[in-house]
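Protein chains in written order, with the numbering used here: chain A, 196 to 329; chain B, 196 to 329.
In what follows, a structure is listed as C-alpha cells, so that the remarks can point back to it.
There are 2 protein chains.
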Amino acid sequence: MKKQLLLCRENGLRITSTLKQTLNLLENAAVPMSLAELEEKITSCNQSTVYRSVQRLKKIGVIKQLNFAEQGTKFALATREDNDDFLICKACGKVEALDSPSPLNDLKNRLMQKTGFRGLSHELEFYGVCPQCV
Amino acid sequence: MKKQLLLCRENGLRITSTLKQTLNLLENAAVPMSLAELEEKITSCNQSTVYRSVQRLKKIGVIKQLNFAEQGTKFALATREDNDDFLICKACGKVEALDSPSPLNDLKNRLMQKTGFRGLSHELEFYGVCPQCV
DNA sequence: GTACCTGCAAAACCTTTGCAGCATC
DNA sequence: GATGCTGCAAAGGTTTTGCAGGTAC
C-alpha cells in the first residue's frame, strides 16, 4: 500500500479519502472488482468521483483493468505481473484467481523475438462450470 | 459453413439473409469483428436485426464472443477450440490471432483435475506494442 | 398456417464530461 | 494560493426490448 501511495504522489495525484478507500478495497479483494462494486462500498462520495479516481489510478499504472466475458470490466491492483490468470464459472459467475505460475513466460519471450512486439503483458481466462454448478 | 447452417437449422433458426451474411463475414474475417463492424457491412437490414442475429448464433454456440480491453467485445466463429489466443497492440489497436498451438492444454487438464471444473475453454490476450508503433 | 424474424423507436445501461465550488499540498 | 478533486446533472455510446407486420418453412 505504501508503494502505491508513493506512486500516486509522484504522479501528482492528491491523496484523498476516495483514493485511499479505492486502493484499500482493491488490495483486500481476492478477485478484481467492478466499478459498481467499488461505488457500492465507497459511500462517502459521488459515483463519478469513484469513476475518476479509478481512471487516474489506471492511468498511472497503479491498477489495471480486466475484461471478463459476462462479468464485464473489473479492476485490480497492478502489483504482480503474474496472477493475471482467472478461472470463471459460466453458470454462477464466480471468478477466482489462479495462483499457479503462468506457463506463458516462455511463450511471451518467444513471441517478442518472433513478432517484434515489446512490453508484452497478458490476460488469461478459463471458462467452465464449477463443481457446485455441475 | 455447411456445418454452421446445419447447426442453425437443428436449433430452429430460420436461414435468413442476415444470418448467412453474418456467418460469411465472420468466416472470412482474419480477426474477430465487433457488432458495429458487422452492422456496417450488412446494410440490407436494421442494426437491431444484426444484433439479434448475433445473439442467436452466440446462444447456440456457433459463434463466440471475445472481450478485448480497448477494442471491446467482438465475435468470431466458434469452430476451432484453439485460436483463441490473440496479440494486440496497445498503441494502434491492431488485433492478430496467434497461430501457434496454445500451450494451455496441459494446464487446462490439470486444472480440471485439481478444481473439478468441467468443460474448460479459454481466452488469452497478449498486449504489447507492435514493431510499427515502437 | 405457424413460428420465427424484422423494422422502428424507445428504454435501459454504463461510461464520460462540464462547470462551479472545495480540499490538498 | 495554485492545482487538482468533487458533486450534480446531463450527454454519449452501446446494448436491449416491445410490438406490429413480414417471412421462412
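For glycine and all other residues, C-beta sits at the position ideal for the given N, C-alpha and C.
Check	Outcome
Quick one: list the residues of chain A neighbouring residue 290 (chain B), beta-carbon separation under 9 Å, in chain order.	Ordered by position in chain A, no residue passes the 9 Å Cβ test against residue 290 (chain B), which lies about 12 Å from the chain.
At least one CB of chain B closer than 8 Å to the CB of residue 313 (chain A): is that the case?	yes
By Cβ distance below 8 Å, which residues in the same chain neighbour residue 267 (chain A) in space, the five residues on each side in sequence not counted?	229
Measure the Cβ-Cβ separation of residue 315 (chain A) and residue 322 (chain B) and say whether it is below 8 Å.	yes
Let me check one thing: in DSSP terms, what residues is residue 228 (chain A) bridge-paired to?	A:270
Measure the Cβ-Cβ separation of residue 318 (chain B) and residue 282 (chain B) and say whether it is below 8 Å.	no
Pick helix, strand or coil for residue 203 (chain A), following the three-state DSSP scheme.	helix
If you draw a straight line from the C-alpha of residue 313 (chain B) to the C-alpha of residue 289 (chain B), how long is it?	33 Å
What do you reckon, are the CB atoms on residue 326 (chain B) and residue 302 (chain A) nearer than 8 Å?	no
Cα-Cα, which of B:264, B:203, B:216, B:329 is closest to residue 234 (chain B)?	B:216
Could you have a look at residue 248 (chain A) and say whether DSSP puts it in helix, strand or coil?	helix
Quick one, which of B:210, B:236, B:286, B:256 has its alpha-carbon nearest residue 264 (chain B)'s?	B:286
Report the rounded CA-to-CA distance for residue 240 (chain A) versus residue 197 (chain A), giving the unit in angstroms.	23 Å
Determine the DSSP secondary structure at residue 239 (chain A), reduced to helix, strand or coil.	coil
Quick one: residues in its chain with C-beta nearer than 7 Å to the C-beta of residue 328 (chain A), no 5 flanking neighbours on either side, listed in chain order?	284, 286, 287
Could you name the residues of chain A that residue 207 (chain B) contacts, counting a contact when the two beta carbons are closer than 9 Å?	Per Cβ cutoff of 9 Å: no residues; residue 207 (chain B) is ~22 Å from chain A at best.
Rounded to the nearest angstrom, what separates residue 254 (chain B) and residue 222 (chain B) at their Cα positions?	18 Å
Got a sec: which bits of the region 254-284 of chain A sit with their beta carbon under 7 Å from any beta carbon on chain B, in order along the chain?	260, 262, 263, 264, 282
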